[in-house]
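K.L.:
For reference, the structure I am asking about is given below.
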Amino acid sequence: MADRNKESSSNTAASDAAGETYASRSDIVEEPLVILSDSDINDNNQSKSTSTVTHAGLSYAVSGRLVLGLLGCMYFLAFYGAYQQWEGLMGSHGLNPVYSYLETQRKKTYGCTINPKSLLKLENYYSVEQFSNCLKGFVDHPSLFWFFEHSDRAMRTLVLSGMTLSALCILGSTSMALMVALWLSYFSIVTSAEMSSFYAYGWESQLLETGFLAIFLCQNWLLPHRLAASDQPAAQPEASPLVWYLFRWLCFRISIGAGMIKIRGDSCWTQKTCLLYHFETQPIPSPLSFVFHFLPQFVLKRAVDLDLFVQVYTSWFVLLPTTNVAPSSLWSKASLVLVRLGGWIQAGFMINIALSGNMSMLNHLTIIPALACLDDNCYPVWIRRRFSGLTAHNNKTAEIGMKDDDTVDISTESLQSHRWRWTSFRLWIDVGLFMMILVLSKPTVENLLQLNSRQAMNASFDSFRLVNTYGAFGSVGKQRFEPIVSIAYKINQAGDDGKEPLEWIEIEFPCKPGSIHRRPCFCAPYHYRLDWNIWFIGFPPHDYYLNRREKWLYILLLKILGMEGSKQPTTKTKPTPPWLNLLDPVSVELLKQRGPPLYAKVDMYHYEMAAPLWKIASEYFNGVFSDSSKDGGYKIQWWNRYFKENLVPVVTVDGKRDQLYLASA
1 MADRNKESSS NTAASDAAGE TYASRSDIVE EPLVILSDSD INDNNQSKST STVTHAGLSY
61 AVSGRLVLGL LGCMYFLAFY GAYQQWEGLM GSHGLNPVYS YLETQRKKTY GCTINPKSLL
121 KLENYYSVEQ FSNCLKGFVD HPSLFWFFEH SDRAMRTLVL SGMTLSALCI LGSTSMALMV
181 ALWLSYFSIV TSAEMSSFYA YGWESQLLET GFLAIFLCQN WLLPHRLAAS DQPAAQPEAS
241 PLVWYLFRWL CFRISIGAGM IKIRGDSCWT QKTCLLYHFE TQPIPSPLSF VFHFLPQFVL
301 KRAVDLDLFV QVYTSWFVLL PTTNVAPSSL WSKASLVLVR LGGWIQAGFM INIALSGNMS
361 MLNHLTIIPA LACLDDNCYP VWIRRRFSGL TAHNNKTAEI GMKDDDTVDI STESLQSHRW
421 RWTSFRLWID VGLFMMILVL SKPTVENLLQ LNSRQAMNAS FDSFRLVNTY GAFGSVGKQR
481 FEPIVSIAYK INQAGDDGKE PLEWIEIEFP CKPGSIHRRP CFCAPYHYRL DWNIWFIGFP
541 PHDYYLNRRE KWLYILLLKI LGMEGSKQPT TKTKPTPPWL NLLDPVSVEL LKQRGPPLYA
601 KVDMYHYEMA APLWKIASEY FNGVFSDSSK DGGYKIQWWN RYFKENLVPV VTVDGKRDQL
661 YLASA
């Protein structure tokens, strides 16, 4: 008899540790129990009578796995982007170095003079005042670099650590401690970039807010899910419905914010003409943008109606209340259906936008909170079994061994009591989180209602960016103006005027439009930050952005002309400057082989899409089999362009190669 009870209790613990019961443990205590007979259970391994406790309700196990997995992908891409681009953008030899500014802020502004290099040495002791100064700086500008060295090496270590933790998250090995580490690590990168415009995008705050909420989705406190002991299910309570509702609150604010900023912003949204230009003028068009742009005008105008309907009206569906219990009344059933519908609409709408262009991680990241509207019953049975181990009926069960005299085993009672204590503690944490977000949401609601001023887009109201405002494309450009960087080398032959002629070559960036024959790329959700930033210079008046937000372009010209103060091309013994890797590989190879150019300039061109994608594809296949393709002379044309003005005149560098001068070329 004791062996049977021991086996039943062991099966219960193993079942919970395997992830078969994801509901809050408080449900087991509070809801009515249904005792199933032997005929219902049909257990061949037990010869004695047993009983199974079950309760009907809603589970979000699949969405929980998807949210954490997709968030891990977004974190990984964000850290990978920093690994590839940080040193070239803001490193010690980048376009906009930030380390000296951060050190000045740390020591002079806040008086945090702790030496990070010797922080871990036991012989170093610091006063409470010193630590409090650093802590105050951390509260105002959250970053791990208040307590650690700020350098290229430290940033590489942080980024590689973030990529490793993100990979664990993607594989399903999650814990609250791991998610906190990811959140703080990426926050440190964003904070370090505050003085530049390279991280001044709304999805930085959106990733941080989503990542913060995801901390409270994890079942384990310290050890990742796959590393946690399987015999300790009591310490793994699931997040309460309050946390899921906060994700839905985030989904609502993203959608309604984007819709309201359009209605209140550019008149083309109310006139239904914005999409006539948007696909051509967006930051980085993809090949599919050449499909959307050439759709009939009446289709694009109806698409504006659909856009505003989804963002302004259906976004309210996700806020309808639901419970963790299976709905019984007509109202609760209708509410659940509308919440599910709202989640599918928001996710599907983001997929549609993602197909129309390269919006970095914006659309992919917005799908994550929409998943909070989808309980496990929204997914096919095979997905439920694959991600959560749920049964086909989606019932959450916990087996409790019973003795013949109907008395509960003491070990089982103790296990249930332990679970209840952990669940109660976790519930209080979730309630505290909910109340904190509720208080911090006040300025965001006022912003949406425009109680104090105009609606702010992509703004934060607290230093930790826990609750933010969102929005995109409140205004849409009617024409696409593209800055083109060109460099010149001398040709070793005399011209008709006795001067050596110049060979002008255009510098290409990884994805932004340049050569009219260059195929647009697919890069989302990866973010080419230099390509995005140079897009802003295309907004008239062009000098405004060039001389303020995007001053780094002058530094890029200086570095190209100076090539880090060397007249010799880069070699194996002389590594490639980090900023050079921000350019297209073809341009990188050119500069490596030919060395620094003599002159540089920036011209502004007006770009227009040349033809629909289907026509370009047809011309391509026709050209491949034509005579002109045999010698490689056939090229398809993606863009038409027209010269508008010279933005930066022909410049060169002085003898020290540290300052730009106007040239007479």
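The numbers in full-length UniProt numbering rise by one with no breaks, and the one at position 490 of the sequence shown is 490.
Note that CB positions come from ideal geometry on N, CA and C, so glycine has one too.
#1: Looking at the C-beta of R454, does it have a partner C-beta in chain D at a distance below 7 Å?
#2: Buried or exposed, going by whether 16 or more other CB atoms sit within 10 Å of the CB of V653?
#3: Among S475, L89, V648, which one has its Cα closest to the Cα of M260?
#4: Which same chain residues, not among the five before or five after F425, have their C-beta less than 6 Å away from its C-beta?
#5: Put residue 666 into one of helix, strand or coil per three-state DSSP.
#6: Might you give, ordered along the chain, the residues of its own chain that have their beta carbon closer than 7 Å to the beta carbon of C274, omitting 5 neighbours on each side?
#7: Helix, strand or coil: how does DSSP classify I215 here?
#8: Alpha carbon to alpha carbon, how far is N468 from C373?
#9: From this set, D462, S463, T444, which residue's C-alpha is nearest R454's C-alpha?
#10: Could you name the residues of the same chain whose beta carbon sits closer than 7 Å to that of V439, not counting the 5 residues immediately before and after it, in chain order?
#11: Do G342 and Q282 count as a contact pair if the criterion is CB distance below 7 Å?
#12: Is the distance from the Cβ of P142 to the Cβ of T191 below 7 Å?
#13: Take S166 and list the residues in its own chain whose beta-carbon comes closer than 7 Å to its own, dropping the five residues that flank it on each side.
#14: Quick one: using the 10 Å Cβ neighbour count with 16 as the cut-off for buried, is N458 buried or exposed?
#15: Compute the Euclidean distance between the alpha carbons of G348 and R518, then round it to the nearest angstrom.
#16: Can the beta-carbon of V485 be found less than 7 Å from the beta-carbon of V602?
#17: If we ignore side chains and look at the alpha-carbon of each, how far apart do T210 and I487 end up?
#18: Curious, which full-length alpha helix (DSSP H) runs of at least 4 residues does the stretch 268-327 contain?
#19: Mapping the DSSP letters down to three states, classify I484 as helix, strand or coil.
#20: Going by DSSP in three states, N377 sits in which element: helix, strand or coil?
#21: List the residues that DSSP assigns as beta-bridge partners of residue 677.
#22: Suppose you measure from the CA of M563 to the CA of P541; what does that come to, to the nearest Å?
#23: What span of residues does the beta strand (DSSP E) with L662 cover, start to end?
#24: Report, in whole angstroms, the separation of the C-beta atoms of A610 and Q637, which I expect to be a contact under 8 Å.
#25: Go ahead and pull the three-state DSSP assignment for I516.
#26: Which term fits Q85, buried or exposed, when burial requires 16 or more other beta carbons within 10 angstroms of its beta carbon?
#27: Applying the criterion that 16 or more other CB atoms from any shown protein chain within 10 Å of the CB defines a buried residue, is Y99 buried or exposed?
#28: Let me make sure I understand the geometry here. Which of T104, H93, A214 has the alpha-carbon closest to that of G69?
#29: If the criterion is Cβ atoms closer than 7 Å, does the pair Y545 and I534 meet it?
#30: Relative to the alpha-carbon of W579, which residue among Y526, S59, G88 has its alpha-carbon at the smallest distance?
#31: What are the boundary residues of the beta strand (DSSP E) that includes W504?
#32: What does a CB cutoff of less than 8 Å around D462 pick up in its chain, not counting 5 residues either side in sequence?
#33: Going by DSSP in three states, Y60 sits in which element: helix, strand or coil?
#34: Could you tell me which residues DSSP puts in a beta bridge with H606?
#35: Residue 666 lies in the alpha helix (DSSP H); which residues open and close that run?
#36: Does the separation of the CB atoms of G257 and G471 fall below 7 Å?
P.N.:
According to the structure data:
#1: The chain inventory of the structure shown lacks chain D, comprising one protein chain alone.
#2: Burial call: buried.
#3: For the residues S475, L89, V648, the minimum Cα distance to M260 belongs to S475.
#4: Leaving aside the five residues that flank F425 on each side, none in its chain has a CB nearer than 6 Å to its CB.
#5: With the chain running from 1 to 665 in the structure shown, residue 666 is simply not present.
#6: Answer for C274: D266, C268, V304, V476, listed in chain order.
#7: Helix, per DSSP.
#8: N468 and C373 have their C-alpha atoms roughly 20 Å apart.
#9: Proximity to R454 across D462, S463, T444 peaks at T444, based on C-alpha coordinates.
#10: Counting only Cβ-Cβ distances below 7 Å, and skipping sequence neighbours, we find nothing.
#11: No, Cβ-Cβ distance for Q282 and G342 is not below 7 Å.
#12: Taking 7 Å as the cut-off, the Cβ atoms of P142 and T191 count as close.
#13: G72, Y75, F76, F79, L182.
#14: Its Cβ being crowded by 16 or more others within 10 Å, N458 is buried.
#15: Going by the C-alpha atoms only, they are around 30 Å apart.
#16: Yes, they are a contact pair.
#17: Taking the straight line joining both Cα atoms gives about 43 Å.
#18: Qualifying alpha helix (DSSP H) stretches, in chain order: 278-281, 289-292, 297-308.
#19: I484: strand per DSSP, three-state reduction.
#20: Helix at N377.
#21: With the chain running from 1 to 665 in the structure shown, residue 677 is simply not present.
#22: Taking the CA atoms as reference points, M563 sits about 30 Å from P541.
#23: L662 -> beta strand (DSSP E) spans 660-662.
#24: Rounded, the Cβ-Cβ distance is 5 Å, consistent with contact.
#25: Three-state DSSP puts I516 in coil, outside helix and strand.
#26: Label assigned to Q85: buried.
#27: The residue is buried, with at least 16 neighbouring Cβ atoms inside 10 Å.
#28: Nearest C-alpha to G69: A214.
#29: In this structure, Y545 lies away from I534, with their beta-carbon atoms at least 7 Å apart.
#30: Residue G88 holds the alpha-carbon nearest to the alpha-carbon of W579 among Y526, S59, G88.
#31: Start and end: 502-506.
#32: Result list for D462: L440, in chain order.
#33: Y60 falls in the coil class under three-state DSSP.
#34: For H606, which the question treats as bridged, DSSP gives the partners F481, Y642.
#35: Nothing about residue 666 can be read from this structure; the chain reaches only from 1 to 665.
#36: Using a Cβ distance threshold of 7 Å, G257 and G471 count as a contacting pair.
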